[in-house]
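As structure tokens, the structure follows; a few thoughts come after it.
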Amino acid sequence: MGGLADKTGSRSRNKGQFESALVPYNPSHVCAPQLLTLKEAGKRKEKSEEDIALLDQVKEANASAGQEYLEYLVLQRKSSSVELHTRLAALYAEKVMTYLKDETISKLWRAKGNFQSCH
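If you want our numbering, it's the 1-based position in the sequence shown plus 5.
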């Protein structure tokens, strides 16, 4: 086989000329992203208290913004905080109960139930 191509595309007869530019295979580089991910995961756990404190401040300033931030923390950033998940579940349960108290929505659900039972 011929030599390595230089930058202009011509073949070089001296194979050793470009060998220093080649990066040798190192198995530890393959595992590096996983180690970085694990290290970052540990950092996220430490910040759950900060997330909760900031959530409380946002909610105090604007309840709607607090709800959106809570959804962001749990659903987008995938926080593993039990407290945040519990707060989001309670928020959703509260919304469902509010909707059920609304007479218009209750009528729609009853009509849907009657329609499904007929078919």
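From the three backbone atoms N, C-alpha and C, an ideal C-beta is built for every residue, glycine too.
_Cβ contact check for the segment 106-118 and the segment 79-87: 3 or more pairs under 8 Å_ = no
*For E73, name the three-state secondary structure that DSSP assigns.*
helix
*Backbone CA spacing between Y74 and D56 [nearest angstrom]*: 9 Å
*When DSSP labels each residue in this structure, what does R82 get in the three-state scheme?*
coil
*Buried versus exposed call for R92 [16 or more other C-beta atoms within 10 Å across all chains shown]*: buried
*asked:* Using only the alpha-carbon positions, how far apart do Y97 and Y77 sit?
replied: 14 Å
*Decide if G118 is buried, meaning its Cβ has at least 16 other Cβ atoms within 10 Å, or exposed.*
exposed
*From the DSSP output, in three-state form, read off N67 for me.*
coil
*Unbroken alpha helix (DSSP H) run spanning K100, endpoints*: V87 to K106
*Classify K112 as helix, strand or coil using the three-state DSSP reduction.*
helix
*Helix, strand or coil for K125, going by three-state DSSP, please let me know.*
There is simply no residue 125 to check, as the chain begins at 6 and stops at 124 in what is shown.
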